[in-house]
Amino acid sequence: MTTPPLPRSLLNLSSSFISRSYRSVIDTDLLSALQSFFSRSYRSVIDTDLLSALQSELKHEKSSNHFQEHQGGSLGDFVVDWDAPQSQDVVLRRRYGLGEEITVSALLGPPHHEENDSLPRHALMKVCITKPSLSNVLQFDCGIFGQGVSSSVFKILSAYYLRSPDCAGASVYRGPLYSSLDPELQKAFKEYLISRGITVDFTNFLLLHLHKKEQDQYVNWLHNLETAIVKDGGGTSGESD
1 MTTPPLPRSL
11 LNLSSSFISR
21 SYRSVIDTDL
31 LSALQSFFSR
41 SYRSVIDTDL
51 LSALQSELKH
61 EKSSNHFQEH
71 QGGSLGDFVV
81 DWDAPQSQDV
91 VLRRRYGLGE
101 EITVSALLGP
111 PHHEENDSLP
121 RHALMKVCIT
131 KPSLSNVLQF
141 DCGIFGQGVS
151 SSVFKILSAY
161 YLRSPDCAGA
171 SVYRGPLYSS
181 LDPELQKAFK
191 EYLISRGITV
201 DFTNFLLLHL
211 HKKEQDQYVN
221 WLHNLETAIV
231 KDGGGTSGES
241 D
């Protein structure tokens, strides 16, 4: 038995339906491709702008000598015990007299805006003094403050007596409020630290070194960002210096 042919009208309808469906698929693919293209183009413009700004900042920082006029100071008898490139702090040590060990740790404090200080930040300094065969520790928390471009001054903020390095809990009595001490006693404490090497030369060195250290870390951070943007397809790295 022979199957009768499909009516021409039905064939025409099927052909039209297939044609529209095909165009719909093509239009959808084209729209998706265009959206992807414009999205990539937009990201590329944003990344290129960021890369350009980073390279401009790098060039500026490398060509600037922020601390050219500042006096460098001296370590005196201290030696550097810790100064990792990625760390914010430094640790220095020295021996004094009959075996006393003086340990100094320091890092930069928050930014400030004082007219008589040409450096943007103070330094926070901790001085710990131990004597041979004794476990107790004298600890002084200090601030180093710049004075113009050629000098600095340190101030003792607190003075602690610890029975041992392990007895530093919050509940342990460390001493009175330092500002409440007799001015003559405060002066004597400062002279005590000066005699152990915490001189103007030393604080000048420490304050300037910490600022240079932070500057190097900032330039390195810009370099790392530039590398990350370039590897992400944001552009081609150009000369920054």
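Sequence positions in the sequence shown follow my numbering and run 1 to 241. Idealized CB from N, CA, C, for every residue including glycine. As the structure is a prediction and not an experimental result, all values here were calculated from the model.
Give me the Cα-Cα distance between THR130 and ASP166, rounded to the nearest whole angstrom. What you label residue 130 is simply residue 130 of the sequence shown in a count that begins at 1. What you label residue 166 is simply residue 166 of the sequence shown in a count that begins at 1. CA-to-CA, the gap between THR130 and ASP166 works out to about 13 Å.
Looking at the structure shown, is VAL172 part of a helix, part of a strand, or coil, going by DSSP? Within the sequence shown, numbered from 1, the residue matching residue 172 stands at position 172. Looking at VAL172 - three-state DSSP - the assignment turns out to be coil, as it is neither helix nor strand.
Whose C-alpha, out of THR227, LEU181 and HIS66, is nearest the C-alpha of LEU119? By one-based count along the sequence shown, residue 119 stands at place 119. Comparing Cα-Cα distances from LEU119 to each of THR227, LEU181 and HIS66, the minimum goes to HIS66.
Within this structure, are the beta carbons of GLU226 and LEU58 separated by less than 9 Å? Counted from its first residue, the sequence shown places residue 226 at position 226. Counted from its first residue, the sequence shown places residue 58 at position 58. Contact flag set, yes.
Relative to the C-alpha of ALA228, which residue among LEU75, LEU51 and THR28 is closest? Counting from 1 along the sequence shown, the entry for residue 228 is found at position 228. Nearest of LEU75, LEU51 and THR28 to ALA228, Cα basis: LEU51.
Within the stretch 93-165, ranges of the beta strand (DSSP E) (whole runs, at least 3 residues): 100-111, 121-130, 137-147 and 151-162
From HIS211 to CYS142, what distance separates their C-alpha atoms? Taking the first residue of the sequence shown as 1, we reach residue 211 at position 211. Taking the first residue of the sequence shown as 1, we reach residue 142 at position 142. So the alpha carbons of these two residues sit roughly 17 Å apart.
Quick one, are the C-beta atoms of ASP201 and GLY76 less than 9 Å apart? Your numbering for residue 201 matches position 201 in the sequence shown. Your numbering for residue 76 matches position 76 in the sequence shown. In this structure, ASP201 places its C-beta atom within 9 Å of the C-beta atom of GLY76.
Just how far apart, CA to CA, sit ASP83 and LEU107? As a first step, residue 83 must be located in the sequence shown, where it is residue number 83. As a first step, residue 107 must be located in the sequence shown, where it is residue number 107. Their backbone Cα atoms lie some 11 Å apart in a straight line.
Taking the Cβ atom as the reference point for each residue, do SER152 and PHE145 lie within a distance shorter than 9 Å? The residue labelled residue 152 in the question sits at position 152 within the sequence shown. The residue labelled residue 145 in the question sits at position 145 within the sequence shown. Contact flag set, yes.
Nearest candidate by alpha-carbon position, reference ARG95, set GLN86, ILE46, GLN147 and PRO132: Sequence index remark: in the sequence shown, residue 95 carries index 95 (1-based). The shortest Cα separation from ARG95 among GLN86, ILE46, GLN147 and PRO132 belongs to PRO132.
Considering only the beta carbon of each residue, do GLN139 and TYR161 sit closer than 9 Å? Here residue 139 is taken as the residue at index 139 of the sequence shown, counted from 1. Here residue 161 is taken as the residue at index 161 of the sequence shown, counted from 1. Less than 9 Å separates the beta-carbon of GLN139 from that of TYR161.
6 Å Cβ shell around GLU259 - same chain, five flanking residues per side excluded: Because the chain is modelled from 1 through 241, residue 259 falls outside the range shown and cannot be assessed.
Are the beta-carbon atoms of HIS113 and ASN204 separated by less than 9 Å? Looking up residue 113 in the sequence shown gives position 113. Looking up residue 204 in the sequence shown gives position 204. Their beta carbons are not under 9 Å apart, which means HIS113 does not touch ASN204 by this criterion.
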